[in-house]
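**Student:** Here it is, the structure in full.
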Amino acid sequence: MKVTVVGAGNVGATCADVIARNDFVHEVILLDIKQGIAEGKSLDIWQTSPINMFNTRVKGVTNDYAATKNSDVVVITSGLPRKPGMSRDDLISTNAGIVKSVTEQVMQYSPDTIIIVVSNPLDVMTYCAYLTAKIDPSRVFGMAGILDTARYKAFLAEALNCSPKDIQAVLMGGHGDTMVPLPRYTTVAGIPVTDLISTEKLNPIIERTKKGGGELVNLMGTSAWYAPGAAAAQMVEAIIKDEKRIYPCCAWLQGEYGLKDIYLGVPVKLGTKGIEEIITLNLNDAEMALLTDSAKAVKEVMGVLDNMKLIA
């Protein structure tokens, strides 16, 4: 099995490192446009193999898509990171051009691959990759919900003073301030979270989750990378090992939840074919209203891409 990670920045390098350490593929290709960066980071990762005890070969290349040939999964992390005061929408013009170019070259050498998009703004960049790849949408989807859910679980674990391992949760909607955490579907060792924490304490956690990316940008001056990289790697593992895991991912909706022709975060089943099923939850009126509002916000940004006429 072979996985390519495009973009050797913080997120891409972290993703490649986690995949290698978990030792479930034969080879990881790390590709970047900047000379020597992917080669250096890949060599550094490979030199941890005797320490972390893995066999996965890690190879870095500079803009050499021929090296990515016959990749089973490609993770696209390329693009400008978000800076303080910059919304994800501000990134669309430049990053859409990057994602389009990357996707075209990926498809040239790996026409049967599965594409996971991590580039921001996540929902519309996934849409951009889908339009460019011209393949079944079950093979083009975005990493967002796993990251957002991880942040939500981490904050809950702190508040409840419990292990994050025991928390199960689902978040839906766009990747950003309009995401839709679902307390009704949040449990701790099977116990509804609302039995363990008051609404007054839970609501600030939900709001912090919605702004989780922005909090880190304000602290560090750039986007996060450890959690996003690990989240993308978890998706790759579910696909390569055909685990049939249920994860929230940015998926192409064609009538589910009453939404059509939109990439939006929903729970899906991930396996060797990519998205093998979109899970339809029985949302109540309030939850559905939040999801609809989130979809409207995402549709607006998708419209910006459409109006750019970047993709024929």
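Residues in the sequence shown are numbered consecutively from 39, following the working numbering. Even for Gly, the Cβ is constructed at its ideal location relative to N, Cα and C.
Just how far apart, CA to CA, sit V144 and E65?
**Tutor:** 16 angstroms
**Student:** Give a yes or no on contact between the region 261-274 and the region 296-306, applying the rule of three or more CB pairs nearer than 8 angstroms.
**Tutor:** no
**Student:** May I ask you to report which of helix, strand or coil DSSP gives K337?
**Tutor:** helix
**Student:** Using the Cβ count rule (16 or more neighbours within 10 Å means buried), how would you classify S139?
**Tutor:** exposed
**Student:** For E245 and A104, what's the separation of their Cα atoms in angstroms?
**Tutor:** 44 angstroms
**Student:** Which ranges does the beta strand (DSSP E) cover as unbroken runs of at least 3 residues, wholly within the region 199-286, from first to last along the chain?
**Tutor:** Runs found: none.
**Student:** Please confirm whether I75 has its beta-carbon closer than 9 angstroms to some beta-carbon of chain C.
**Tutor:** Absence of chain C from the displayed structure is noted, only one protein chain being present.
**Student:** Short check: CB of R177 to CB of T141, under 9 angstroms?
**Tutor:** Going by C-beta atoms, R177 is not nearer than 9 angstroms to T141.
**Student:** Express the C-alpha separation of G45 and V80 in angstroms, rounding to a whole number.
**Tutor:** Checking the displayed sequence, the identity of residue 80 turns out to be Ser instead of Val. The alpha-carbon atoms of S80 and G45 are separated by roughly 12 angstroms.
**Student:** Taking the continuous alpha helix (DSSP H) assigned at T318, which residues delimit it?
**Tutor:** Careful: T318 lies outside any alpha helix (DSSP H) and carries neither H nor E.
**Student:** What are the boundary residues of the alpha helix (DSSP H) that includes D150?
**Tutor:** It is not in any alpha helix (DSSP H) - D150 carries neither H nor E in the DSSP assignment.
**Student:** Would you mind stating whether V112 and V43 have Cβ atoms separated by less than 9 angstroms?
**Tutor:** yes
**Student:** How big is the Cα-Cα spacing for K191 and N101?
**Tutor:** 37 angstroms
**Student:** Round the Cβ separation of L194 and I243 to the nearest angstrom and send it over; I've been treating them as touching at under 8 angstroms.
**Tutor:** 6 angstroms
**Student:** By the DSSP assignment, the beta strand (DSSP E) with P305 in it spans what residues?
**Tutor:** According to the DSSP assignment, P305 belongs to the beta strand (DSSP E) that extends over 298-309.
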